[in-house]
Structure formats: C-alpha cells, structure tokens
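Below is one structure, written out as structure tokens; comments come after it.
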Amino acid sequence: MGGAWFLDRVEIEDARRKKSYLFPCQRWLATDKDDGQISRELVPVDMSLKRKLSRKDSSAALRNEIALEIKAVMTTYYVKVTTGDVWGAGTDANVFIILYGDKDSTGKMFLKSSRTNKNKFERNQMDEFILETVNIGELKKIRVGHDNSGGGAAWFLDNVEIDCPSLGRTWFFPCKRWLSESKDDGEIERDLVPQELETAQYKPCIPYEITTYTSDVSGASTDADVYVVLYGKEEATQKKSLCHSKRERKEHFKRGAMDKFVIELEDVGDKIEKIRVGHDGTGLGAGWHLDKVEVRRLHDTGKMYFCFELCLTSIDSCVLLSTNACSELGNKRFRRWLARDEEDGAIERELLPEKATKEIISKDGQVKTQELKIQDKLKAKTYVVEVFTGDVSGGGTDANVFITIFGDKGDSGERKLHKSETNKDKFERGRMDRFPLEAVDLGKLYKVKIRHDNAMFNPAWFLDRVEITDSSTQHKDIFHCERWLAKNKDDGKIERSLYVKGYDGEMSSTGTVRSTKYGSVTSLQSARSSDPFSKSPRLTKKQLTQSQEDIAAGPTIPYTIKVTTGDGDDNGTSSNVWIKIHGPKKLHTGRLFLELAQKDRCTHFLVIVIPYEVTVTTGDVPEAGTDSKIFMTVFGTKGTSSPIELEKNEDRFERAHTDTIKMEIDDVAPLKKIRVAVDAKGSRKNWYLEKIELRNMDTGTLSVFKYDNWLGKGKEGAKMSVDLPAIERGKSVIDKTDYKISVKTSDIRGAGTDANVYIILFGVNGDSDEIHLKNSDSNKSPFSTNQLDVFTVTGILSLGELSKLRVWHDNKGFGASWHLASIEVEDKNTHKVYSFHCDKWLSTTEDDKQTMRELTCGTGSKFSPGSDNKEQIAYEIEVTTTDKKEGGTIHNGWLILKGSKSTSKVFVLKNSPQNKILRRGQKDNFTLNSSPLGKLESCTVGAYEREDQPITDAVESRAAMWHCYEIAVTDTSSGNSRKEGRELKVKDVEESQIAKVKNLAPVKYEVTVYTGDIKGCGTNANVFITIYGTNGDTGKRPLKQRFRDLFERNSVDNFQIEALDLGELTKVHIEHDNSGFRPGWFLDRVEVMNLGTNHCTVFPCGKWLDREKGDNEIARDLYPKLD
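Each step along the sequence shown adds one to the number in full-length UniProt numbering, with nothing skipped, and position 222 is 222.
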C-alpha cells in the first residue's frame, strides 16, 4: 500500500579506514512518482559539501544545493523511443530498457514518464525519457522489453535513439519488429546494436548551474519556454531550454523567485563573455521581467567553481537617433522586460557579466570566494536599423517583422521590429522605418536575416533594402533585397538572408557543387569551423570519416573505379561500401564512400576531375539579382564540359554580391571561353552579370570572363545565353568575328521548307551555340527550292578551324520537309570558306525521317570574294579497297587532302548502280581539281550511306562498312607528264581533334527505351535524350513518333537517331518537360545500338523522373552497364 519512498541521502562510514562517504539522492523511488524508477544508482560526493551545507542557514533541499556536483559525476541519457506505424503497434505494457556499455551495464530501468506525450508508446509516436546513471562508457547494445501486462501488450518497436551529452554521442538502434508473444517470433525482449555509420559525434558537454532571478514587479512571472545560450571567447553553446516540460515551466519563474537549473552544455571555457536569454512567447502569461542570471561551472579538479553574475547593462554611447536614449545608470544593472507587449517588444536579450568570482572549497568545508577581474569585456552598442519598403503596388505589410543581425563577433538574436521612430504605421509602400536595436558589439556586419510572421490581412511585403548604422562609429552597411516576402508572390518565401553590399564570403554551408547525400564536400570539411560561434555540429561516423581522416595533401587526381559484384543469388549488399586508395610513404585517400549511380550487378563509379574555384560577381544595379537557373559550359583546348548548373542555394546571385563556389570540372584546360545561360524562369527572370572568374586549384591559373550586362528576358540588351572569352594578362584569348552562311536548297520537287531552321557550328574553340537562320540577306522567303540563301552572323567569338555543323528545323509550317543540298560558311576575318555537303532530306515523312543532320567539312578550294587566287591544279587519286571478305561497300566515300598551303574541299566518291566503285579488291581512279595545296601532308577519308539505299537495320549496316587499304595521290602541277608528278601514299589519319571530327561518318543509332512495370509509371510528357561518346554528343533530340502512345507502363519504344560517329558511348542524358496531365515517369533502362557495328550499350536507370516521387528530379545522367 505504501511502497513509494523519498530517499534523501545515504551516508557510509568505513570504520577501519576512518573515512565517510556521502551519497545524495533527493529523489522518489516509486512507480507512480518522479520518473517511475524504484531503484537508483548513487555516486559519492565530497563530504566537505555536507559540512558546507550544515553551516548554511537555508531550507533548500540538499540535491538542489549540490546538483552541479551530482551532475558532474552522473551520466544522463536522453532516450527517444519510436513506435512503428502499423496497425496495433502501440502497447499498454510496462516497457523497460537495459543499457550495455564497454565499462558496465545499467540494470533494468522502466520507461515511465514520457517528456513528449501523456499516453506513451502509441502508434507512430516518439516518446522521450531521461535516464541518470553512472558512466557505463561507449554503448555496445541495449535490451528493450516489456512485462506483457495490460489489455494490449503487443508492441511494434521501430527504433530507439539515445543521446548522451556528456560523452558527445548519439546512437541509433533500428528494430522494426514486434515485441509480442503472439506475433513475429514470440519474443517480448530484443537486443539491439547501434548502426555504426549513424552514430553521431559532437563536442562533449559539461554541467552548468544556471540561476535566474525574476523581478518583484507586477506580472513579472512567465510560463513560456525559457532558454539560454552561453558565449565564451572561442565557443558558443546550442540553445537550451531550462525546463523539460510544461509542468516544470509552471513551477518556475514566479514573481520575485530565484530558480536554479543544472543543464548540460558545450564547454565554452573558464570565461563567459555574454549569455543570451529568451523565451518562445507561448502561454497566457508569456511576458517575463528578468532581474539577473548567475552561471556557475565546476572546475576540472572538482574543488573550484567559477561564478558569473550577468545583467543587462546600459549603452556606453548615447550618440543615438533613438527617441528613448539611454539612462544615466552608467554601467549599473537595470531590469528589463522580455515581452512582446512591453518596452521594445523583445523576448530575447543579451546579458554581459557584471561580476565574476572563483569559489574554492577547503577540506573542512570552508568556502573561499575570490573576485576575478573581467578583462576585454564586451561593450553594448546601439545599431540603428533603417528598413526601406519598396515603391511597388501592394508593397506594404501588416505582418510582424523580425530581424537577426550577424557580424564576425556573433549575432544579435532575432529581434522584433516593434516601434518605428519615423512612422506610426510601419512598413508602408515607399517608406523608410527606423528602429534602434541594442546588442553586444557584433564586430564587422556581413548578413541580416529578416522575416515576417504572415499575420494580418495584408502580409505580403516588398522589401527594397535594409541599412544598419553603428551609432558609435556612424558606419553604415547596406543590405539589398529588392524582393517580395510573401506566400503568394515571388518564390513564396517570407524569410530572406541578405548580405552586405560587396560581401564575397561563403553564403551557405553547401559551398561546393560536388555533393553527397549527407551534404556537400565543403560543408563536411568546414564542419569544425574556425568561426568562434560555430555550434558544434553533430556528424555521423560516416561523415566524420569522410571529413577528418588524414588524407594526403596535394593536387587531386581523378580515378575511375569499376566494381564488379558476383552473379550469385546472395552476392549483393545494401551496406555502405567504401574504398581507400593507398600510395607510397603511407599516403592514402581516406575512406571514399561509393554512392551507387545505379543498382545493377556491375556499376560504374566516377571520381570527377579538376577542382576549380568559381567566383561570380553580380552587378550593383537595381534588380540585378535573379531566381533563374544559371548554367555554365566551359570550353578549352582539350574539349568542352557538360553544362553545369550554378546552384543558387537561396542566397547567391544577389545584387552587388560576389559568390565563391567550389566545383570540379572536366579537364579541358587551358580555358578559352565559357557560355553562361539562364532559363529566365521564376519571379526574377533577369540577372545582371558583371564577371566570372575561374581559378584552377591545381595549377593556380586564373581566367577572367567579363560581361557587365543583362541575361534573361525583358531588359534592354538582355540575352538568354552569352559566350565570354577568357582574359589572361589583360588580353582576350579569342577574338570576335563575323560569319557568312550560304545555304543551298536542292533542286528537286518539294525541296523547300516553311519551318524555322537552326545551325550550330563546331570548331577548335568549341561551338557557336544555336543560330537561328531567320532573315536571309539574299531572299525575302528563305529556303525555297533551288535557292541560295545568305545569312550574316556578326560579333560572335571565333571558332577557329571549323570541323562540323549541326543543322535542323522545328518541323513547323505547312511544308516543313526540306531537302538540303549544302552549306558554305565563310569566316570574314580569315576569308576561309568551309563546305558542308548534305544532299539529304530533313523530314519526318521522307527518307530516314530525320529532321537533324550533322555534316563534316573541309576548307573549300575557292577563296572568298576579293581573292585573286584563281589557279586550279589537278590531283590524280587512286583508291585501293582491301581484298578481305566484306571489305568493299555499296555506299559512298569521301576524302579531303591537306597540304602545306591549304586544305581541299570534300571530294565525294559517289557509288551507284551505273558507277560501281569501292568494291572488294578494286582500284578506282579519280581527278580532283583544287587550288594549290602545297606539299601534300595527309588525307582524311570516310564513308556515308547512299540516299537510295538507306540503312534501316543491322544487316544492311554491314554493307556500309568499307576497308580502305591505300590511297595514292599524284600532284600533276610539277611537270608536263604524269610520270614526273609526285606521288604520296597515305595510310594514316591526322591525330588532331579537328581531323578526327572531319574523318567521322554519319551513323544511325537505334535508341530503345524501356518503361518500368509499376503502377502509374507511364508518362504523357515530352521526352528528350542526348547521347555522349568519346567523339562528341548528339545534341538534345526529341523522342517522338507519329500516331503512337509512347512511354506507357511496361512498354518498349524504339527510335532512330543519326549523328556523326560518337565513338565509345560514355553516358546518356534523358529528361522530360513535365508537361501533360500525368508527367511522372519510371524509366527502367535505355539501350543504344550502333547500327553500323551492331554494338549495343545498356544504360540502367530504375528510377522515377517525377517532381513528386523519388528525389523529385525529371532529368538524369545514365552511365553504361559494364560487360
């Protein structure tokens, strides 16, 4: 009947050693009181504390007086138990837990008093419990069970999470099983082990004694959630509530009361420079009138205490713009409200130490107090905040506005902008409102965070800028915004981070483009920041391994890692796989966790290449910031990178800001140019780009790309994309030029088109980007039958020696089909003319139904108009085809001769039923008339399909293969007879990139798309694909077929794409435009077959392309499955 017991303390005397021990308790041992425990572990404290207490004329409980000492020797575990989300998962039984560490175990402890819920262990509910015990060391396992009592004893346990602040550890124990005699395996107790890679580590905490003194004035008490933050010289703690529950809050912070709390916080050192105290403003009587706060911590020896009395102090300088200037209290304490409806409306304030003491307890219990001098004491300041509301329709707000100011010495905490000194109705359209804010010296300001609570009838607010003046120095900092803070406007956000004009520091924790599922590389490496107010991040062991291992210094090297898993039934794993690469002298990479690109038997992992630091400067003009997506493509001597999105991360690309982004880019250096493009979407479609700088972190080379103009739509001179040349040592790497493009439409019936025609030129300096051939210089209606149309493209960066072009149309108009004969491109600076032979349809209904063609080129034999070189030379060419089986071809060939002076135009070797050439073992002779080429150096040769014999399947593709054995060329210009001519036998091809491209022949690729077999996996959206190979890419191609429903559940769709030979395929990029009433799509895989070689490459996916499923992506890069 009377089992409950309140134990005060236990004293033990060792008579033999004449030594006494004091074990304080001051807790209930009862199932229906306190935390429900009926057994407790007690630890001894120094007996001098008893003598100290016996001399105190105080009625305070023993535990309350020495709570700090007890906390220092005990270990507190915060246990979070999550019940599963299945039917009948909750339990009415008595649940217990046993903790097993590497030093000891706790014994059975019942989980009685949940801090989070009145009815504990209900379905899909998390319950938190506090357990105090001796230090048992690093947790190795736990045992969870129940006594099977109550009406519904069966329990489905999802997981248990245990946090121990004094050890700086959080362990995660997954379960996901029943504890029931009638379910699963019938067990009602389970042993759980921690998931090692989810074990979080952070800075261990120590106990602090926090004593608050509530003022003795009317209405001074509060039932809100009061919290504190301690600031030392080098560290700051997390924000920590003083009370664990609403019940505790109701018992504390009464008028005129002194309340003592012992809480575990990060160790900020022996000196506390300031504290921040506040509450959450909840409850009926939230307003609180605070007198002072005392903070006490135990020295490492256990015999000494450091005590700080912290109070609100007056402002040193009275040079204020405020109407309520400071009082004449000097540096004395004055009490303040923490209340929304009192004084300045602040519910959070910063307190500075008024007195610091050191207490030393002698063996006889005597307490000696020594006052310490506070050195380098922080000063309180007043910052004058001026808020400018934009002059736009509906720009004002009725909501409550809050601001946080950040400096290099800390932040102000969130403050409500309560009373404007300039306007009765604050935050109205086109007005400036002034607010004085008191705060401890923040140092150099760099950021403000401003928000509103979306309250009242008209909460939407257009904020132009914020200006903050330090009243002691009159220095002003400007923070531009020029955006809405509104749920129904702009991007729907009501909180913004604004950076000071000219700020070039990091604007987010994700400062790198290369990211993992746990965060960016930068955020992991900077987790242990040198910032004196960093808040001890909690990182899992996996993250710590990635960020803290002793990794070899020096330049990065790209590694391609190929892992092959066995094909047995149980050879795979769902565990986290990592590798460590070891080099000489004990150097290694550290653990590199392999994030799977796709879940197949054999998977390709790629560690990307050269590290760059990209610095983006947005101009200082009105509305310069943007919400658009920004893409950058880098062009260099070694090739071209894929388009890279410069992620906004919320705070980047704002007016007058400089953003630094760390990323890894394909090794294309030395850099020649970059292409910057925007999608002109979002509420702010335009962006004023001043410049971009790229620094190669391996070589230190800096390339600068200047623009100083608009990108987007609507602004004068704005472009959707722009090519910017690299500037090195003050000189542009690439000059601008004009191109004259002559397009010849064939002389056959229906050859002309009404569609919009586009081309892209490719050369040694990359590509020209899309060029719309819209206004012909020679004809009013371009692209008519047997018509030559001339277009002039001015002011674009020179592409150097051209290699190919891509031409297509949009298939719009009544007569969209187009038969293109040829295209000639003249570089107006060099007067070189490049010829591109086509002689094919671009049509969805004719020929092979392709509307895009890629054409190779060679420098033409003619010079541009104005040249006086009209000499022609005949070159005799003998082509020998091998006598090997299937060495000949029925299709066409072509060749280009290169000499020391010039390069010939493309010479076509045309096959037909009447002119059978290039057959097995055959020698064919041709004559090429050309301008003088000089000494012959090389010959580029290739093949392409006949128009009257299109390749439609793999069998026919074999006939397109041609084995050229030898080419003999005779220059007839050096003598009167052929015998005197010089003969050149060419058996090799140029190794340069341009020659390689010119040697490529058009190839048909069959693309097979497999849609998954799960509910709702088909799509109505428009799908596009880009295929990448070692020789280039296809460009973005639509996957369309007339009169067919494509990409339905469990369907297989086939498409044909023609492109210049891509070589070995490296990846495909597939996406959809999210259009239609059912755009979500589950793609199983893509297969690409080269119809010329019959080689098939498989690109596994097995993921959703859906804005609402999976990772919400609608575009994916797929990599080939290895054979």
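Just so you know, even glycine gets a beta-carbon here, dropped at the ideal spot from N, CA and C.
Per-residue DSSP class, three states only, for residue i
| i | result |
| --- | --- |
| G554 | At G554, the pLDDT of 46 sits below 50, so the modelled position is not reliable; the number obtained from the coordinates is stated separately. Of the three classes helix, strand and coil, the one that applies to G554 here is coil, per DSSP. |
| L485 | strand |
| V144 | strand |
| R729 | coil |
| K240 | strand |
| E664 | strand |
| P459 | coil |
| P611 | strand |
| V73 | helix |
| E248 | helix |
| E584 | Residue identity check: residue 584 is Pro in the sequence provided, not Glu. Looking at P584 - three-state DSSP - the assignment turns out to be helix. |
| I760 | strand |
| S742 | strand |
| S721 | strand |
| M697 | coil |
| S912 | coil |
| T357 | strand |
| V229 | strand |
Beta-carbon proximity check, residue i vs residue j, cutoff 9 Å
| i | j | result |
| --- | --- | --- |
| D924 | V969 | no |
| I610 | D651 | no |
| G150 | A93 | yes |
| N124 | D85 | yes |
| E1113 | L1105 | yes |
| residue 1131 | T1093 | Outside the displayed span of the chain (1 to 1123) sits residue 1131, for which this structure offers no information. |
| F783 | T753 | yes |
| R946 | N915 | no |
| V1086 | V1003 | no |
| V614 | K691 | no |
| L265 | H252 | no |
| S703 | I727 | yes |
| D441 | K409 | yes |
| L909 | D971 | no |
Residue i, buried or exposed, once every other Cβ within 10 Å from all chains shown has been counted against 16
| i | result |
| --- | --- |
| A751 | buried |
| T792 | exposed |
| F6 | exposed |
| W171 | buried |
| E386 | buried |
| W818 | buried |
| V563 | exposed |
| E655 | The residue you asked about is not Glu; residue 655 is Arg in the sequence shown. The residue is buried, with at least 16 neighbouring Cβ atoms inside 10 Å. |
| L1118 | buried |
| C1096 | exposed |
| T1034 | buried |
| K774 | exposed |
| I644 | buried |
| E457 | Position check: residue 457 holds Phe in this sequence, whereas Glu was assumed. By the 10 Å Cβ count, F457 comes out exposed. |
| T565 | exposed |
In chain order, what are the residue ranges of uninterrupted beta strand (DSSP E) at least 3 long that sit wholly in the region 150–223? Taking only runs of at least 3 residues, the beta strand (DSSP E) segments lying wholly in the region 150–223 are 155–164, 169–179, 189–192, 205–214.
Is it true that the region 278–297 meets the region 222–236, where meeting means three or more beta-carbon pairs spaced less than 8 Å apart? yes
When the Cβ atoms of the region 819–827 are set against those of the region 796–811, are three or more pairs found closer than 8 Å? yes
Within the chosen definition, does the region 419–436 reach the region 348–357 through at least 3 CB pairs nearer than 8 Å? no
Which runs of the alpha helix (DSSP H), 4 residues or longer, sit entirely within the UniProt domain "PLAT" (1003–1119)? none
Write down every uninterrupted run of the alpha helix (DSSP H) in the UniProt domain "PLAT" (1–43) whose length is 4 residues or greater and which is fully enclosed by it, in chain order. none
Contact the region 467–477 vs the region 485–492: 3+ CB pairs below 8 Å: The region 467–477, when compared against the region 485–492, does not touch it at the 8 Å Cβ threshold.
Ignoring anything shorter than 3 residues, give me the beta strand (DSSP E) runs that lie fully in the region 764–849, in order along the chain. 771–773, 788–797, 802–809, 818–827, 832–842
Report the residue ranges of all beta strand (DSSP E) runs contained in full by the UniProt domain "PLAT" (381–499); include only those spanning at least 3 residues, in chain order. 401–407, 432–440, 445–452, 461–470, 475–485, 495–499
For the 8 Å Cβ check, are there 3 or more pairs between the region 1064–1073 and the region 1011–1018? no
With a cut-off of 8 Å, do at least 3 Cβ pairs link the region 381–397 to the region 425–440? yes
At least three beta-carbon pairs within less than 8 Å, the region 627–645 to the region 672–691: yes
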